[in-house]
Amino acid sequence: MIIYGWKATPVGHEDLGAKCSHCGTMMSVQVFVYQKYAHIFWIPAFPLGKTGGSVCTHCKQTLKPKEMPNDLKLSYDSLRSRAKTPIWTFSGLIVIGLIVTFGIFAARQSAAANAKMILAPQAGDVYEVKEAPGSYTLYKVARVAGDSVYVLHNLYETNKSSGLADLMKKEFSPEEEAFTKNELKELFDKGTIDDIRR
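If you use the working numbering, the sequence shown corresponds to residues 243 to 440, in order.
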């Protein structure tokens with residue numbers, strides 16, 4: 243269950259020398275500005291806009307901006323334009339940006355490491371192989387002899403790449419299939435070999 247919603251935090255407050263239009267008390271009107279922001283699990287995600295109002299400290303009359311007299315509305319608009327959006331209300335966007343950046347960096351590092359490993363296969367390397375759409379399996383390098391790489395096919399396959407971890411516990415064929423290093427590189431470049439575990 244995802245808990246989400248919006249909250250508001252005060253970003254501006256001003257005591258005005260104005261007379262309350264309801265009770266007539268002088269110097270009793272205050273205006274407030276709040277920054278609304280969306281949150282997910284109470285973590286601020288992004289700002290939504292500013293809202294506010296006015297209150298008389300004497301009679302407690304509160305007015306929304308559209309209900310304010312013109313002079314009070316001008317004071318409110320001035321305060322609203324000066325009130326700055328807190329940076330922390332962007333926390334969720336910042337965190338998402340960092341996660342995406344880290345994910346891209348990690349994917350590039352993994353791709354670079356795989357590109358090196360495919361050129362220098364070692365016994366025990368396991369290749370994640372996409373044989374066809376919706377068909378994934380594993381090849382395990384049994385031995386390397388010169389330019390030839392001998393692999394064992396996993397006896398099972400899965401319809402999702404996420405299921406490959408379970409195949410590691412399953413049996414591999416006892417019969418070896420030979421590939422040249424160039425053939426394996428071609429399979430890697432085409433995306434048939436998707437990942438390498440060493």
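Ideal Cβ placement from N, Cα and C applies to all residues, glycine included.
Remember, it's a predicted structure, so these values are computed and weren't measured experimentally.
Cβ distance (whole Å) where residue i is taken to contact residue j below 8 Å
i, j, result
"Y392", "E418", "4 Å"
"H255", "Q303", "About 17 Å; that fails the 8 Å criterion."
"V253", "V275", "5 Å"
"V383", "G405", "That pair is no contact at about 21 Å."
"Y369", "I438", "6 Å"
Residue i versus the options, residue with shortest Cα-Cα distance
i, options, result
"G247", "Y398, I282 and Q277", "I282"
"R322", "G366, Q277, L429 and C298", "Q277"
"D389", "E425, V273 and A260", "E425"
"M269", "I244, A250 and L314", "L314"
"C262", "P311, S404 and I245", "P311"
"N396", "K411, P307 and A387", "K411"
"K308", "Q351, Y318, S403 and N356", "Y318"
"A420", "R439, R385, D408 and E370", "R385"
"A374", "R324, H300, C301 and K432", "K432"
"L305", "A353, V271, T267 and S320", "V271"
"G376", "Y398, K402 and G266", "K402"
"F430", "A355, C298, T299 and D257", "A355"
"R440", "K372, V371, Q364 and L409", "Q364"
"A407", "T299, V371 and K249", "V371"
Through-space distance from residue j to residue i, alpha-carbon basis
i, j, result
"L494", "A349", "Because residue 494 is not part of the residues shown, which for the chain are 243 to 440, the question remains open."
"I346", "E428", "24 Å"
"I245", "A280", "11 Å"
"T251", "V337", "20 Å"
"T434", "I341", "27 Å"
"G259", "K326", "23 Å"
"A387", "G339", "46 Å"
"S415", "A353", "28 Å"
"R324", "L316", "12 Å"
"G266", "T343", "58 Å"
"D257", "T299", "10 Å"
"Q351", "K249", "39 Å"
"D436", "K423", "16 Å"
"S320", "P328", "18 Å"
The ligand PLP heavy atom lying under 7 Å from the CB of residue i
i, result
"Q277", "Of the ligands one can find in the structure shown there are none, so the ligand PLP has no counterpart to examine."
Cβ contact (3+ pairs, closer than 8 Å) linking the stretch 283-294 and the stretch 351-362 = Taking a cut-off of 8 Å for Cβ pairs, the stretch 283-294 and the stretch 351-362 do not touch, as fewer than three such pairs fall below it.
Checklist entry - Is the stretch 291-308 in contact with the stretch 331-345, if contact means three or more CB pairs nearer than 8 Å? => result No contact exists between the stretch 291-308 and the stretch 331-345.
Original post:
For the stretch 246-334, which segments carrying the beta strand (DSSP E) assignment without a break, of at least 3 residues, lie completely within its bounds, in sequence order?
Top reply: Listed in chain order, the complete beta strand (DSSP E) runs (minimum 3 residues) inside the stretch 246-334 are 246-258, 271-282 and 285-298.
Counting only runs that start and end within the stretch 373-405, where is the beta strand (DSSP E) found for 3 or more residues in a row?
-> Runs of beta strand (DSSP E) with 3 or more residues, each lying fully within the stretch 373-405, are found at 377-387 and 390-396, listed in chain order.
Which ranges does the alpha helix (DSSP H) cover as unbroken runs of at least 4 residues, wholly within the stretch 401-438, from first to last along the chain? Inside the stretch 401-438, DSSP marks whole alpha helix (DSSP H) runs of 4 or more residues at positions 406-409 and 423-432, from first to last along the chain.
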